[in-house]
Each structure stands twice: as C-alpha cells, then as structure tokens.
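Asks: Each number in my numbering comes from the position in the sequence shown (counting from 1) with 178 added on.
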Amino acid sequence: STPSDKLKLELGMMANKAGSDDSFTGIRPAMQYKVGNTTLHAGFEAVSDKSLGAELKQSGVGLGAAFKVGTADVNASVSRLNEKNTGQADADVTSFGLNMQRGALGGGLINSTTDNGAAANPKVNTLYATYTVPVFGSKDASVTFAGNASRADNVAKDETLNAVRVRFNYAF
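Here you go:
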C-alpha cells in the first residue's frame, strides 16, 4: 500500500457572521493512520461563540484506535474538552469510550466526567447495545435497534435513564 492509503487528513472549518462581529468560528483538524488491522485516529477542535453576548471558548482533543479481535471490530477512544464561558466557572470534560461490533450485534460503554470546580465531579456512565438488520434484502439499507442505560451522579438530581431507539440507515 502507498502512504496515501495509510494516512488520511481532514480539516473542518466553521464560521457565522452576525453584524460586525464574527459570532461563531471553529476549526477541526483530524487525522487517521492505518497500521495493519489497526486504525489510529486523532483530532482537535477549537470553537469560539459570541452569539449569546458572552464569549464561549471550547477546545478539545480526541484520540482513538480501532482494531480486530477475532471476528469483532473493537474501538477505544478518549477525549478531553476545556470550556471557558464568560461569567461562569471553567469546565474540563474527560470521556472514555469502548465499543465492539460483531456482525449485526454491537455494544459499548461510555464514561464522562466533568471537572467544573464543584466539590463532587458530575459523572455519566452509559451502557448500550445495538442490532442491525438489512431492509428488503438491500446491502445499502438497514434498520438499527438500540437500547441504553445511563446513570448520572453528582448532578442536580442523580438519575438513571433507560432508552430505546430505532435508526433507519441508507448508504448511497
């Protein structure tokens, strides 16, 4: 394979101008590198939003890897967000994710913790499962059934949330 088959680069840019001020700007560079059966990916994002009067600045980085374990595809990722909002406490959010897909069945776990200066850091844990089936025997159309259970701690009201979803997918 050639280097271009192994390395992919992407640059996303966002902007919105309201009046004489740039009310929203953002940049998102990302890269992906393939090594054998493993794909490594990394990205960065910086956003500035002045549309609500106060200035919100966010910057974050994400790292991850996708690899095969037998017949399953496994993905692991970690991300970190820093948020500064005029008149509010700064916040740092750290998230970890792990998921697996084997044929039509998938599942995963996501953990996210926010350090916002509170005595106890807000935390969310989510466990989910998915099952995808083709629609009308088409390889391009499918429907995915999903369910998840989430638990939030150290927030205004510690809460458990269970949900089900149906997603229709069509690749063209």
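The beta-carbon is built from N, C-alpha and C at its ideal position, and this holds for glycine as well.
Assuming the contact rule is C-beta atoms closer than 8 Å, Asn-215 and Phe-245 should be a hit. Round their C-beta distance to whole Å, please.
Replies: Along the sequence shown, one-based indexing puts residue 215 at 37. Along the sequence shown, one-based indexing puts residue 245 at 67. Asn-215 to Phe-245, Cβ: 6 Å. Contact.
Asks: So Phe-274 packs on Asn-253, CB below 8 Å; how close in whole Å?
Replies: Along the sequence shown, one-based indexing puts residue 274 at 96. Along the sequence shown, one-based indexing puts residue 253 at 75. At roughly 12 Å, the Cβ-Cβ gap does not stay under 8 Å, so Phe-274 and Asn-253 are not in contact.
Asks: Could you compute how far the alpha carbon of Phe-186 sits from the alpha carbon of Tyr-211?
Replies: Here the question's residue 186 lines up with position 8 in the sequence shown. Here the question's residue 211 lines up with position 33 in the sequence shown. Checking the displayed sequence, the identity of residue 186 turns out to be Lys instead of Phe. Roughly 7 Å separates the two Cα atoms.
Asks: Less than 8 Å between C-beta atoms, sequence neighbours within five positions excluded: which residues of the same chain meet that for Ser-229?
Replies: Here residue 229 corresponds to residue number 51 of the sequence shown, with the count starting at 1. These residues qualify, in order along the chain: Asn-194, Ala-196, Ser-201, Phe-202.
Asks: What's the C-alpha gap between Leu-283 and Asp-331?
Replies: Here residue 283 is taken as the residue at index 105 of the sequence shown, counted from 1. Here residue 331 is taken as the residue at index 153 of the sequence shown, counted from 1. Going by the C-alpha atoms only, they are around 29 Å apart.
Asks: Report yes or no: do three or more beta-carbon pairs, one from the region 291-298 and one from the region 316-326, lie closer than 8 Å?
Replies: They do not touch, by the three-pair rule.
Asks: Residues bridged to Lys-235 by DSSP?
Replies: For the purposes of this step, residue 235 is identified with residue 57 of the sequence shown, where counting begins at 1. In DSSP, Lys-235 forms a bridge with Ser-226, Lys-262.
Asks: Threshold first: 3 residues or longer. Then list the beta strand (DSSP E) segments lying entirely within the region 276-322, N to C.
Replies: You should have 283-293, 301-312.
Asks: For Thr-217, I'd like the list of residues in its chain whose CB is within less than 8 Å of its CB, leaving aside the five on either flank, ordered along the chain.
Replies: As a first step, residue 217 must be located in the sequence shown, where it is residue number 39. So the qualifying residues of the chain are Gln-210, Tyr-211, Ala-243, Ala-244, Phe-245.
Asks: Comparing the CB of Asp-268 with every heavy atom of the ligand GDP, is any distance shorter than 7 Å?
Replies: Looking at this structure, you won't find the ligand GDP or any other ligand, since it has none at all.
Asks: For Glu-337, which of Ser-328, Thr-249, Val-344, Arg-343 has the nearest alpha-carbon?
Replies: For this step, residue 337 is matched to residue 159 along the sequence shown. The shortest Cα separation from Glu-337 among Ser-328, Thr-249, Val-344, Arg-343 belongs to Ser-328.
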